Structure formats: structure tokens, C-alpha cells
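Asker: So in the working numbering, spot 47 of the sequence shown is number 48, and the numbers just go up one at a time. Ideal Cβ positions, reconstructed from N, Cα and C, are used throughout, including at glycine. Keep in mind the model is a prediction, meaning the values are calculated, not measured. This is the structure I want to talk about, given as C-alpha cells.
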Amino acid sequence: CAILGQQITVKSASTLTGRLVDKYGTPIKTDIEELTHAFPLPEDILDLELPIENHLGVLGIIGTRARTIYTLAMAMKNGEIDFELCAQPEAEIKKLLAIPGIGSWTAQYIAMRTMEWTDAFLETDVGIKKALEPFSTKERLQMSETWRPWRSYATINLWNSLHQEQEDL
2 CAILGQQITV
12 KSASTLTGRL
22 VDKYGTPIKT
32 DIEELTHAFP
42 LPEDILDLEL
52 PIENHLGVLG
62 IIGTRARTIY
72 TLAMAMKNGE
82 IDFELCAQPE
92 AEIKKLLAIP
102 GIGSWTAQYI
112 AMRTMEWTDA
122 FLETDVGIKK
132 ALEPFSTKER
142 LQMSETWRPW
152 RSYATINLWN
162 SLHQEQEDL
């Protein structure tokens with residue numbers, strides 16, 4: 002999901018994720034009508050015949066993202082990246098950054114969501130920029146230093162402040 006959400010709107014990312022899950026996810030039965038499939042496992046992606054773009058491209062996923070998803074699935078299957086709660090999230094972030102197509106935002110977002118890393122700060126995120134207007138990237142980073150080691154919570158609170166602001170309108 003984090004890879005699909007790079008540099009596109011939340012709505013577009015949700016659409017792409019839905020298509021991927023519908024096509025390659027595992028069907029499940031729940032009492033929730035809209036919940037019909039579990040997210041594809043790495044093996045589900047790796048079982049697709051190469052080139053991966055032939056499968057994911059028809060869903061609207063661009064080639065570079067398709068290849069990134071495939072490479073990440075391979076790293077997960079091989080145990081090269083640990084998404085569990087880990088003592089050294091910075092080491093796992095470096096491994097993520099070594100995958101073509103994964104930048105700092107995506108690596109930190111993955112660490113925040115999957116490794117429960119408490120110190121991610123997504124200073125280039127559109128929502129963070131909006132919540133902290135008119136501060137520059139450098140100023141946002143400097144400001145975030147006082148929030149260590151809890152910058153993930155600050156990030157979520159900043160995102161939530163935007164939703165609250167919209168509700169107040």
C-alpha cells in the first residue's frame with residue numbers, strides 16, 4: 002500500500018490498492034460486506050509470471066511501482082527485510098532504501114506502520130507540509146527534533162489536525 006501511495010492522492014492509492022486486492026488477494030468470508038479479500042502475500046506476487054508489469058499494469062500500476070512491489074515481495078520472502086517490531090528500525094529502513102523505487106517517505110512510512118517505529122517523521126508529506134505551513138522542510142525537520150523519539154505520533158496528530166480542520170468547516 003505504501004508503494005502504491007507514492008506521489009498520488011489517497012483516493013488514487015485506495016483505488017489501486019482495491020484493484021490489486023480484488024485481483025490477487027485471497028478471498029475471505031466476513032460479516033463485513035465490503036471486506037472480501039485479504040491483501041496479497043509476497044508469494045502471491047512472486048507467483049505471477051514475469052514481467053510483473055504485464056499483470057499489475059492492467060490495474061493502473063505503473064511499471065516502476067510494479068517492479069518495486071515485486072522486488073519488495075522477493076526481499077520479504079527471502080527474509081531480507083523484517084517488518085516485525087524490531088529493535089533496529091533504522092537498519093531495516095536502509096534495506097528498504099536500497100530497493101529501487103523506495104524513497105525516504107515510503108521507507109519511514111513502512112517502518113512507522115509495520116515495525117511500530119515511534120520516530121518516523123515524513124517531512125516531505127503533503128499533509129505534513131500543509132499542517133505546518135509556512136515552515137520550510139528544513140524548519141519542519143528542526144522542529145521535529147524536539148519530538149524525538151515520538152515523531153510518528155506527531156505525524157499522525159498533524160494528519161488528524163487536517164481532518165479536524167475539514168470537519169470544522
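1) Please state whether the Cβ-Cβ distance between Thr69 and Ile111 is less than 7 angstroms.
2) Return the CA-CA distance between Gln109 and Gln8, expressed in angstroms with no decimal places.
3) Among residues of its own chain, excluding the 5 on either side of Leu60, which ones have a beta-carbon nearer than 8 angstroms to its beta-carbon?
4) Since Arg152 and Ala132 are thought to touch, with beta carbons under 8 angstroms apart, how far apart are those beta carbons, to the nearest angstrom?
5) Determine, using beta carbons only, whether Leu57 and Ala67 come nearer to each other than 7 angstroms.
6) Could you tell me the distance, in whole angstroms, from the CA atom of Ile100 to the CA atom of Thr72?
7) Using the Cα positions of Met77 and Trp118, report the straight-line distance between them to the nearest angstrom.
8) Using C-beta distances below 8 angstroms, list every residue in its chain close to Leu47, excluding the 5 sequence neighbours before and after it, in chain order.
9) From Ile129 to Leu123, what distance separates their C-alpha atoms?
10) Look up Ala155 in the DSSP assignment and say whether it is helix, strand or coil.
11) State buried or exposed for Arg149, treating a residue as buried only when at least 16 other CB atoms are found within 10 Å of its CB.
12) State the Cα-Cα distance for the pair Gly26 and Glu44, rounded to the nearest angstrom.
13) Does DSSP classify Pro28 as helix, strand or coil?
14) State the beta-bridge partners of His38 as determined by DSSP.
Answerer: Let me spell this out:
1) Residue numbering aside, residue 69 sits at position 68 when the sequence shown is read from its first letter. Residue numbering aside, residue 111 sits at position 110 when the sequence shown is read from its first letter. It is not a contact, given that the beta carbons lie outside the stated cut-off.
2) As a working note, residue 109 is residue 108 in the sequence shown. As a working note, residue 8 is residue 7 in the sequence shown. Approximately 15 angstroms between the Cα atoms of the pair.
3) As a working note, residue 60 is residue 59 in the sequence shown. Cβ neighbours of Leu60 beyond the five flanking positions: Leu17, Arg20, Leu21 and Lys24.
4) Translated into positions along the sequence shown, residue 152 becomes position 151. Translated into positions along the sequence shown, residue 132 becomes position 131. No, Arg152 and Ala132 are not in contact; Cβ-Cβ is about 13 angstroms, not under 8 angstroms.
5) Indexing the sequence shown from 1 puts residue 57 at position 56. Indexing the sequence shown from 1 puts residue 67 at position 66. Result yes, Cβ atoms of Leu57 and Ala67 sit closer than 7 angstroms.
6) Your numbering for residue 100 matches position 99 in the sequence shown. Your numbering for residue 72 matches position 71 in the sequence shown. Answer to the nearest angstrom: the Cα atoms are 7 angstroms apart.
7) Working through the sequence shown from its first residue, we reach residue 77 at position 76. Working through the sequence shown from its first residue, we reach residue 118 at position 117. Looking at the two C-alpha atoms, the distance is approximately 18 angstroms.
8) Within the sequence shown, numbered from 1, the residue matching residue 47 stands at position 46. Correct list, in chain order: Tyr71, Ala74, Met75 and Lys78.
9) The sequence position of residue 129 within the sequence shown is 128, counting from 1. The sequence position of residue 123 within the sequence shown is 122, counting from 1. Spanning the two alpha carbons is a distance of roughly 7 angstroms.
10) To locate residue 155, count along the sequence shown from 1; it is residue 154. DSSP places Ala155 in helix when its eight states are reduced to three.
11) Looking up residue 149 in the sequence shown gives position 148. Label assigned to Arg149: exposed.
12) Residue numbering aside, residue 26 sits at position 25 when the sequence shown is read from its first letter. Residue numbering aside, residue 44 sits at position 43 when the sequence shown is read from its first letter. So the alpha carbons of these two residues sit roughly 11 angstroms apart.
13) Counted from its first residue, the sequence shown places residue 28 at position 27. Strand.
14) Here residue 38 is taken as the residue at index 37 of the sequence shown, counted from 1. Pro28.
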